[in-house]
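The block underneath contains the structure these notes are about, expressed in structure tokens.
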Amino acid sequence: MTPPPDGVLKAFDIVEEVVGWARLAGGHIHDTWVATISGGTRFVVQAINTSVFRDIDACEHNLSLLDHWLGGSLIPRFRRTPVGAVHWLTPSAPAANTASRGSAPSPTAAPTVWRVTEFAEGTVGATSASSAAQGHEAARAFGAFVHRLAPIPVTKFAVTIARFHDLSWRMTELAEAVQDDDLGRALSCRREIDRVRATADAVGLPGDPPVRIVHNDAKVANVRFAAGTGAAVVIVDLDTTMAGSLLYDVGELIRSGCTDAREDDVEAEVDRSRVEAIVDGYLEGASGAVTELERACFGLAGPLMAIENAARFLTDHLRGDKYFTTTYDGQNLARSRAQTRLADGLRQLQI
Ligand code: GN1
Ligand code: MG
């Protein structure tokens, strides 16, 4: 993978020489790098995946709101240019920020959209919760996030991806992928398809939980922890922050933090103590913002988000791995199997 051209930082008014690039692996959507400039300051530089986030203005609008309301705590600081993210047509020759924005893309090349944030020094990431304490910390941060954003009217936030957590739509997408069978993979994953369908039929949320501003992608891997104390410092991957239910965040925390196994580990087991730690951490962070109805649904949230992810991974496997980044053949199928297993394990828990 080639690192971004050094000039990207200049477009964000960072004029010092770049002395090193390192890839920040783990995310399935954007291409993320860490740039070190002379003097040692580091920045996170992301090429935004514009086939997933098609409305960059909506993302930037929401990020500005988050910047404003959270005032640089709980989320990283963004390098703002007059236009927010920078659209860049020719990587070797950056245009001035304002000029590059809105310039007509050539018929062959879509512009790369770059975002730059300050690197949260002294922090480390996690691929899954390495301990119950880490799950507790991650959940506390996402609880605080929802609590801090509660005063903002939900309508102020734009929709960055429509129907993001609509399980029945995700199941329709799966059915279409099975029907089209672009790569002839459907027969070989008949069992996985049937199992996802059976579990999806059995999960769901009763009634309509309150609509709030939530992160919508609240996996443990989207938190950075203090290297020394393990305290959650910042929440990242904010592009999906928009109206939703806090149960999506609780469910995502539970499915990603209920085990220390990797997301594609088909032998992953649910660890009750981790789930309990996540529930406690979330309630603590949300400081009273969770309603009784929401709390009563915590046990349903984990299986729901696990099977939603399972359906999405399986759909992507059938479609040829076009959405989620993979590092080996069959990874999306393995992710789907693992998440279905966790969904079924989580359904057995009473929490
Ligand atoms: C993606 O970007 P990342 O890796 O944090 C995905 C989530 C999935 C997750 C599964 C925009 O999140 O919805 O739950 O992978 N994000 C998007 O690990 O689709
Ligand atoms: Mg991420």
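If you're matching positions, the sequence shown starts at -17 in the numbering used here and goes up one per residue. In this text, a Cβ means the ideal position worked out from N, Cα and C, and glycines have one as well.
Identity of the residues DSSP links to residue i by a beta bridge
i: M224; result: V196
i: W96; result: A29 and V68
i: R206; result: V216
i: V16; result: A4 and V26
i: F60; result: T99
i: V106; result: F207
Near the ligand MG: residue i beta-carbon under 7 Å from a heavy atom
i: N291; result: no
i: D219; result: yes
i: A203; result: yes
i: G8; result: yes
Alpha carbon of residue i to alpha carbon of residue j, nearest angstrom
i: A(-7); j: P(-13); result: 11 Å
i: V193; j: L228; result: 8 Å
i: R97; j: D326; result: 38 Å
i: Q116; j: L52; result: 23 Å
i: S269; j: A111; result: 22 Å
i: V141; j: H43; result: 10 Å
i: R319; j: V248; result: 6 Å
i: I217; j: I143; result: 19 Å
i: S238; j: D231; result: 11 Å
i: D190; j: I11; result: 30 Å
i: D338; j: T154; result: Lying outside -17 to 333, the shown extent of the chain, residue 338 is not represented and no answer is given.
i: A132; j: G166; result: 47 Å
i: H129; j: G263; result: 13 Å
i: A157; j: G(-11); result: 44 Å
i: C240; j: R256; result: 5 Å
i: A77; j: L6; result: For A77, the pLDDT reaches just 45, beneath the cut-off of 50, and the residue's location in the model is therefore unreliable, although a value from the coordinates is still provided. Roughly 26 Å between the two C-alpha positions.
i: N31; j: P188; result: 34 Å
i: Q330; j: C279; result: 14 Å
i: D303; j: R323; result: 21 Å
i: V272; j: L265; result: 7 Å
i: A121; j: T63; result: 32 Å
i: H50; j: R61; result: 13 Å
i: A345; j: R244; result: Here the chain comprises residues numbered -17 to 333, so residue 345 is not present and cannot be evaluated.
i: R59; j: L48; result: 10 Å
i: R177; j: A184; result: 11 Å
i: D246; j: Q321; result: 8 Å
i: V68; j: R277; result: 41 Å
i: R145; j: D199; result: 13 Å
i: Q332; j: H197; result: 25 Å
i: R36; j: L45; result: 15 Å
i: G281; j: A182; result: 15 Å
i: V65; j: S55; result: 22 Å
i: D148; j: G22; result: 44 Å
i: D387; j: L(-9); result: Given that the chain is displayed from residue -17 to residue 333, the structure contains no residue 387 and the question cannot be resolved.
i: C41; j: Y310; result: 30 Å
i: E103; j: R24; result: 8 Å
Inter-residue CB distance, residue i and residue j (contact presumed, cutoff 8 Å)
i: I38; j: V95; result: 5 Å
i: F124; j: L235; result: 6 Å
i: A108; j: V202; result: 6 Å
i: G267; j: A159; result: 37 Å between Cβ atoms; not a contact.
i: L328; j: A288; result: 6 Å
i: H118; j: A259; result: 4 Å
i: T99; j: R206; result: That belief does not hold up - the Cβ atoms of T99 and R206 are roughly 11 Å apart, past 8 Å.
i: V26; j: F101; result: 5 Å
i: G186; j: L286; result: 7 Å
i: I195; j: V261; result: Between V261 and I195 the Cβ distance is about 21 Å, and since that is not below 8 Å, they are no contact.
Any non-hydrogen atom of the ligand GN1 closer than 7 Å to residue i Cβ
i: H43; result: no
i: E155; result: no
i: F127; result: no
i: T222; result: yes
i: V34; result: yes
i: F60; result: no
i: R199; result: Looking at the sequence shown, residue 199 is not Arg but Asp. Under cutoff, so the answer is yes.
i: E245; result: yes
i: I11; result: yes
i: F124; result: no
i: F306; result: yes
Three Cβ pairs or more, each shorter than 8 Å: is that satisfied between the segment 208 to 225 and the segment 243 to 254? Contact fails: fewer than three Cβ-Cβ distances are below 8 Å.
Does the segment -4 to 7 come close enough to the segment 16 to 23 that 3 or more CB-CB pairs lie under 8 Å? Yes, they touch.
Does the structure place the segment 167 to 184 close enough to the segment 201 to 219 that three or more beta carbon pairs sit under 8 Å? Contact between the segment 201 to 219 and the segment 167 to 184 is absent, with fewer than three C-beta pairs closer than 8 Å.
Are the segment 314 to 326 and the segment 286 to 298 touching by the rule of at least three beta carbon pairs closer than 8 Å? Short answer: they touch.
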